[in-house]
Amino acid sequence: MQYQAPTRLDDVAALLASAGGHGRVMAGGTDLLARFAGGMPRPAVLVDIKRVAELMVIEQDSDGGFTVGAGVCGAAINENAILRQAWPGVTEAMDLIGSVQIQGRASLGGNLCNASPAADSVPALIAAGASCRILGSRGERTLAVADVIHSPGKTCLGTDEFIVSFYLPPRPARSADAYLRLIPRSEMDIAVAGAAVNLTLDDEGVVVSASVALGAVSPVPLLVPRAADVMLGTRLDNDVMVQLKSVVSASCRPINDKRGTIDYRNHVAGVLAVRAALIAGQRATAKERA
Amino acid sequence: MKQHICTHINGEAAEFLCDPGDTLLQVLRDNLQLTGTKEGCGSGDCGACSVMLDDRLVCSCLVLAVEAQHHQIGTVEGLATGDRLHPLQQAFLDHAALQCGICTPGFLVAAKALLDHNPSPTESEVRFWIAGNLCRCTGYDKIVRAILAAAENMRDSHAGAQS
Amino acid sequence: MKHATKKPLRSVGTRPVRPDGIDKVTGRALFSADFNLPDALHGAVLRSPFAHARILSIDTTRALALAGVKAVVTASDMPAIPDDKVMINAQPPDFRDMSANILAREKVLYEGHAIAAVAAKDAETANRALQLIDIEYEVLPHVIDVQQAMEPGAPLLHENLITKGINPAPVQASNIASRHEQVHGDVELGFAQADIILTEEFTTQPVHQGYIEPHACLARVASDGQTEIWCSSQGQFMVRAYCARLLDMPLSQIRVMPLEIGGGFGGKTTVYLEPLAVLLSRKSGLPVKMQMSRADVFRATGPAPGSYISMKIGARKDGTLVAAQGILCYQAGAFAGSPVRLGCMTAFAPYDIANVKLIGYDIVVNRPKSAAYRAPGAPMASFAAESLIDMLAQRLDMDPIDLRIRNAAREGTRTAYGPSFKEIGYLETLEAARAHPHYAAPLGKNQGRGVASGFWFNIGGQSSAALTLNEDGTVMVATGNPDIGGSRASMALMAAEVLQIDVSQVRPQIVDTSSIAYSDLTGGSRVTFAVGMAVIQAASDMVVKLQERAATLWDVSVEHVRWQDGCAVTDVEGREERLSLAALAAQTAKTGGPIAAHVSLNAQGAGPGFGTHICDVEVDPDTGRVTVLRYTAVQDVGKAVHPSYVEGQLQGGAAQGIGWALNEAYMYDENGAQLNPGFLDYRVPVASDLPMIDTVLVEVPNPRHPFGVRGVGEVPIIPPLGAVANAVSRASGVRHVDLPMSPPAVLKAIQRAARRRR
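Protein chains in written order, with the working numbering: chain F, 165 to 454; chain Y, 6 to 168; chain E, 887 to 1644.
Written out as structure tokens, the structure reads:
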């Protein structure tokens, strides 16, 4: 295995292109190196993107949108108070991944490109309507995060492509998101199920925009428009929450595996979606007061 | 082909040769004989190999040694100053916060990162911060108490130094 | 010796910094994987991908031909164990099984079973060589579950295994290795007297000891056969004895250097890698270092057995227990030898019950051979018994501690397994638990409080200690037992106590097998008690010698010399004369030469230990997640030599028991391969899972130890399974009888109960 740590965006694309499918991008390496240790064959060329400046910055645009470099580690994301204030769900989802040690390395780009159904940050990004800037040897394109993961372990990125950054759109007033997951312990586990809810309320407290995304309950993280529709035009009252729970549970397509059963995942995804919706609602309301 | 890496370990310039696939943990232990950093799992799940990479706490089993090029590495061997223990090391001794001791270096490095970042953590903040460090002997009780006590000592001596 | 406990103690009971502390907080301490020799080869092990298969052939030709490969060994390199060498003094372990576990012979019996080992110039070459070993397998049907393994027609692990303990012996082979029956009184009669009879079935999963240090060793064999082994284990003499027996070598040829041990909990009371490293070093002529990966540790070293237990208790309306009966089936793993007998013995030991009948079955299954884990066999049996007692308390609407007090074993109580208890402190633990503020604290919604007790025999055993007086008056204390949780500190404190000197003047050392006489391994909660006895005896012998030397210097009769405050003291014409330890040490040339005392003994009279734990939990009724809110461990410790490390034993044991109760379990796929051989999905408790673990050290002295010491290490892992289960059951309003109580399991039980209520 050859190790390369370029400093320019173009060099990353060129290295990947010349590796002809035998290249691999490494950001924090927390998934990749654990897999190497477990016996996964190593790529011919490993491209470490952490020395490329564009991949390592968080910037807020004048309109309030955020650009987050694909290689920025979780700890840095959560140290950014403005980003945390604007996107509490996205940042808490990132923060839930692994230990403090993992947070010192793991990135949004890695979490997405690892393409695990259970990735914590991905449902939150999807619910947030985030997109990503993708660069390849033949130019660049923008994709919604929701469209990146193709199947478990597979993205729709070309072998010469990599993610430069994520874009989180500007926030209307009274907007907030939340992410919750269920794990057996209090830390260190992979999600058995996860739910992200992103809401905007009007000044009456009525939901005017909503999105719900789920993790670990289908082959790829799932956007559930039907669940969002349930909340539109409501104040998240009890009967709405009961309906949300059943819509979410019915939308899941999980599997039985070592981390959970189909029945359990269906049930818990509904519970988590309700709790996340209530938290997002409270946060949006609190923002108004603040 | 071996690569030549220049880095700083515990403040001292250090260089080594390694294969691109070698982890930082392997190089610290096997090439540099810094065996205070322990391997408990090799997959980032136990924290025994915790080190500082610049200002970030990381598992050295999940860092490639080649990544250390021109970065700063901090290990348990760098905590004490000469024969003066770091307040955390002293607190671990005073509070009997170790039994077998294999996880201790990782806990110390992690705890120092916590106190550098948050000098007045609550019990809950300590527990969540060290959740990536497994200890099978102590039930964590005395470790948490030692970290809280060290934090208090360090705050007191800091306040003393300022007054 | 009983008088000693009445004297005020100056060192025993204090909390000095442990002697090995600095080494362990600075990273200097050498654990098993930290020891290197410059020319050492890298050893690696080939492991079975199948849960059960016949090995038709092994061809190592291609592996040996790879450049850099220096040696390959297979089972054919391991000597066959003759019938008269299968056991030592007819006691387990079974060395033929151990040999076949270290390298599979005709069959592989679990996924991860070692088949061959390679030594090569580096790890990469060694691993490449493993892939070049050609093996033909005939894959056989496997069995993982203990109940399925007992069924007729189940795949047989050992085609000629005839169940022991059944008369007449069965003619057909089965997976039931042995049957153990324990009868006390007459259960039929007992149940006839009962007003209430409760019956329940319980299951528990295998759990790993989870020590953070994987197994590792380095062996060097000289051309004359002299063998050195550096490793961590729970007993350097165990490693020596086992390697000698397995490799047919005289003990005198093997020297084992103990390195620091990064946790054992019973799991390092056997050998896995050491014989392989010796064989590889012998073949290659070079030192060989071997290390297990975490996955190897999970797949190939011993968990505590899983169990299926069916149990029944009978009581009168006033709560008096009159009968208990049960069947305990334990998973031995691939070879016979689960501690089911100990489960039968300990289950109801805390109680005075006239009629008890327990039958234990030791079952082989296609899982790694089980190994000792802290109070081997007791926690799962206690979980069943303590759950039933809690159910009885609920049925009678009685306080669960009051119910236990009513039935508590006391001095003179005849145990169901035979002997009568002498001085024990069980009642005192119950009273302390009842009086603890925790027990009266209010509980909120979805919260519950559980109580459970536990018993462990504690053991003594063969132990050696050597005290040496240094020329400056300081003292060396050498023992042959690895220090797992602070025993160096206890040894130093006890020596200091007898010598009446400051503990800082005493330096304890754990020495190799050539430097001291034999000691049984570290385990069974025996070291502070039994090795401590040897230290105390040696220190006492040294005091006698010092008095004699002082008498020589003073030219008085030794009867006129007493030992006080670390000095020999005599009265000369009404005036007190003193000779300090340093003064006596400086003058040994004049008094007969260096002063040392070496004591080897077989310690008897270990006092049984009892503990009572209180656990508060909150159950999330929508997800089944359990949060432990508060935990208190009360235990009769006899006398705490270093109270901090005694508390540490209680806290650590409680945490392990909580893990066992809530989330730890092995998971297998349909082919019998382990799905979770790592700390990611084998979920030991992390710091944020636990509250502070409050401890209460009850000290009912063991009169057969000079300072009243009882073993403390095993007891604390026994009550948590019951305490957590009782708390979860009370919080959720539904009885939980299967461990672990993971979120899906708890939710399922809650939902099932809700459906029943509708």
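Built from N, CA and C at the ideal position, the CB exists for glycine as well.
CB of residue i within 8 angstroms of CB of residue j, strictly
{"i": "Arg1393(E)", "j": "Met1362(E)", "result": "yes"}
{"i": "Gly1219(E)", "j": "Lys1255(E)", "result": "yes"}
{"i": "Ile1082(E)", "j": "Arg1281(E)", "result": "yes"}
{"i": "Gln841(E)", "j": "Asp146(Y)", "result": "One cannot answer for residue 841(E) here, as it falls past the ends of chain E, which runs 887 to 1644."}
{"i": "Pro1630(E)", "j": "Thr425(F)", "result": "yes"}
{"i": "Leu1228(E)", "j": "Ala1264(E)", "result": "yes"}
{"i": "Asp1567(E)", "j": "Thr1089(E)", "result": "no"}
{"i": "Leu927(E)", "j": "Leu1145(E)", "result": "no"}
{"i": "Gly1152(E)", "j": "Gly1409(E)", "result": "yes"}
Same chain, Cβ closer than 6 angstroms to residue i, neighbours up to 5 away in sequence not counted
{"i": "Ala70(Y)", "result": "Cys23, Asp27, Leu29, Val32"}
{"i": "Ser301(F)", "result": "Ala177, Ala181, Asp324"}
{"i": "Ala957(E)", "result": "Ala1005, Leu1166, Lys1169, Ser1170"}
{"i": "Met1143(E)", "result": "Trp1116, Asp1398"}
{"i": "Tyr1128(E)", "result": "Val1157"}
{"i": "Val411(F)", "result": "Arg390, Ala391, Val394"}
{"i": "Glu1317(E)", "result": "none"}
For residue j and residue i, believed in contact at Cβ under 8 angstroms, the rounded distance
{"i": "Ala1492(E)", "j": "Phe1415(E)", "result": "5 angstroms"}
{"i": "Ala357(F)", "j": "Leu346(F)", "result": "5 angstroms"}
{"i": "Ile1544(E)", "j": "Pro1571(E)", "result": "6 angstroms"}
{"i": "Gly1497(E)", "j": "Pro1323(E)", "result": "Between Pro1323(E) and Gly1497(E) the Cβ distance is about 18 angstroms, and since that is not below 8 angstroms, they are no contact."}
{"i": "Ile1199(E)", "j": "Leu1313(E)", "result": "Incorrect: roughly 20 angstroms between the Cβ atoms, too far for contact."}
{"i": "Leu387(F)", "j": "Ser375(F)", "result": "7 angstroms"}
{"i": "Tyr1303(E)", "j": "Gln1068(E)", "result": "6 angstroms"}
{"i": "Pro902(E)", "j": "Val1389(E)", "result": "5 angstroms"}
Cβ shell of residue i (< 7 angstroms), same chain only, five flanking positions each side left out
{"i": "Ala444(F)", "result": "Gly253, Ala340, Asp341, Ala342, Val361, Asn362, Leu363"}
{"i": "Met1176(E)", "result": "Gly929, Ala1102, Cys1103, Leu1159, Leu1162, Ala1163"}
{"i": "Gln1535(E)", "result": "Gly1371, Val1598, Gly1599, Pro1602"}
{"i": "Gln1112(E)", "result": "Gln1139"}
{"i": "Gly16(Y)", "result": "Gly83"}
{"i": "Ile1387(E)", "result": "Gly1452, Leu1467"}
{"i": "Phe1234(E)", "result": "Ala1210, Val1242, Ala1271, Ala1302"}
{"i": "Met887(E)", "result": "Low confidence applies to Met887(E): its pLDDT is 37, below 50, so where it sits in the model is not reliable enough to give any reading."}
{"i": "Pro1587(E)", "result": "Thr891, Gly1524, Lys1525, Gly1594"}
Identity of the residues DSSP links to residue i by a beta bridge
{"i": "Cys23(Y)", "result": "Gln8(Y)"}
{"i": "Trp829(E)", "result": "As displayed, chain E neither begins before 887 nor continues past 1644, which places residue 829(E) out of reach and without an answer."}
{"i": "Ala1519(E)", "result": "His1499(E), Thr1581(E)"}
{"i": "Pro1189(E)", "result": "His1094(E)"}
{"i": "Thr306(F)", "result": "Arg297(F)"}
{"i": "Thr28(Y)", "result": "Leu69(Y)"}
{"i": "Arg1180(E)", "result": "Partner(s): none; Arg1180(E) has no beta bridge."}
{"i": "Val114(Y)", "result": "Partner(s): none; Val114(Y) has no beta bridge."}
{"i": "Asp1204(E)", "result": "According to DSSP, Asp1204(E) bridges with nothing at all."}
Below-8 angstroms beta-carbon distance, residue i vs any chain B residue
{"i": "Phe200(F)", "result": "Of the protein chains in the structure, F, Y and E, none is chain B."}
Cβ-heavy atom distance, residue i to the ligand MN, below 7 angstroms
{"i": "Asp909(E)", "result": "Of ligands this structure carries none, so the ligand MN is not represented either."}
Cutoff 8 angstroms; reference residue i; Cβ partners in own chain excluding five residues on either side
{"i": "Ile266(F)", "result": "Gly192, Thr194, Gly238"}
Given 8 angstroms, three or more beta-carbon pairs between the stretch 313 to 326 of chain F and the stretch 386 to 403 of chain F: no
Segment contact flag, the stretch 1420 to 1432 of chain E with the stretch 1126 to 1133 of chain E, C-beta cutoff 8 angstroms, min 3 pairs: Between the stretch 1420 to 1432 of chain E and the stretch 1126 to 1133 of chain E, the count of Cβ pairs shorter than 8 angstroms is below three; the stretches do not touch.
The stretch 894 to 909 of chain E touching the stretch 961 to 979 of chain E, judged by at least three CB pairs closer than 8 angstroms: no
Cβ contact (3+ pairs, closer than 8 angstroms) linking the stretch 1477 to 1496 of chain E and the stretch 1509 to 1524 of chain E: yes
Any 3 or more C-beta pairs closer than 8 angstroms across the stretch 1240 to 1258 of chain E and the stretch 1066 to 1085 of chain E: Verdict: yes, contact present.
Three or more C-beta pairs below 8 angstroms linking the stretch 1370 to 1389 of chain E and the stretch 1527 to 1534 of chain E: yes
Inter-stretch contact at 8 angstroms, needing at least 3 Cβ pairs: the stretch 931 to 941 of chain E / the stretch 1008 to 1023 of chain E: The answer is yes - the stretch 1008 to 1023 of chain E touches the stretch 931 to 941 of chain E, with three or more Cβ pairs under 8 angstroms.
contact_flag[the stretch 95 to 105 of chain Y, the stretch 136 to 153 of chain Y] where n(CB pairs < 8 angstroms) is 3 or more: yes
Segment contact flag, the stretch 946 to 957 of chain E with the stretch 125 to 135 of chain Y, C-beta cutoff 8 angstroms, min 3 pairs: no
contact_flag[the stretch 288 to 299 of chain F, the stretch 307 to 320 of chain F] where n(CB pairs < 8 angstroms) is 3 or more: yes
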